[in-house]
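Numbering-wise, the sequence shown is residues 1 to 153 according to the UniProt record's numbering. From the three backbone atoms N, C-alpha and C, an ideal C-beta is built for every residue, glycine too.
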Amino acid sequence: MAALQLFVLFVFAAIPYLRIPTSKMAVPMRQLCCAAVRQCWSRSLYLSAAAQAGSQWRVQHGLARSGSEYGPLTDLPDWSFADGRPAPPLKGQERRKGEREKFARRVVSLSSEVDRGMERWRERKEDEKAREEKKMSLQLKPKGRHLLTAKTK
């Protein structure tokens with residue numbers, strides 16, 4: 001019941017935005033609800049389609065999801081001096097450079113951490129194998145008749 005009341009409140013709040021003439025305020029409730037839903041639905045479809053335009057194609061072709069993530073238009077300066085000197089870097093370029101450096105440092109540290117972990121794992125396996133061999137060598141050996149039958153087999 002609360003959902004229906006909320007929906008009715010939403011519909012009446014949306015009346016000014018539905019472009020329904022005020023002279024026809026005695027519009028049946030079903031028409032009013034359908035108009036409200038249709039109006040809201042079409043807006044959300046339009047906005048979601050605009051937000052996703054072309055991103056799948058760019059990702060499939062190995063490009064950034066949007067044109068402003070990376071690439072020559074984002075990374076290169078907008079202008080240069082007439083004598084050929086480069087322009088000073090923009091704040092956004094400096095920020096992106098710092099983010100990339102931070103990301104690269106994190107990748108290197110995590111990679112070295114994984115390498116250290118793999119090396120420790122190998123050492124533990126070798127130690128475990130050596131302990132098992134030592135344990136087997138310290139066990140009692142067969143003697144007498146059992147030793148002779150074991151050698152003949």
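{"Query": "Boundaries of the alpha helix (DSSP H) in which Ala64 is found, first to last residue", "Result": "That residue, Ala64, is in no alpha helix (DSSP H); it is neither H nor E in DSSP."}
{"Query": "Glu123 Cβ short of 7 angstroms to the ligand NAP heavy atom set", "Result": "The model depicted lacks the ligand NAP and carries no ligand whatsoever."}
{"Query": "Sub-8 angstroms separation of Ser66 and Ser55 beta-carbons", "Result": "yes"}
{"Query": "Inter-residue Cα distance where the pair is Glu101 and Lys125", "Result": "36 angstroms"}
{"Query": "Chain-order list of residues whose beta-carbon lies under 8 angstroms from that of Leu148 (same chain, five-residue window excluded)", "Result": "none"}
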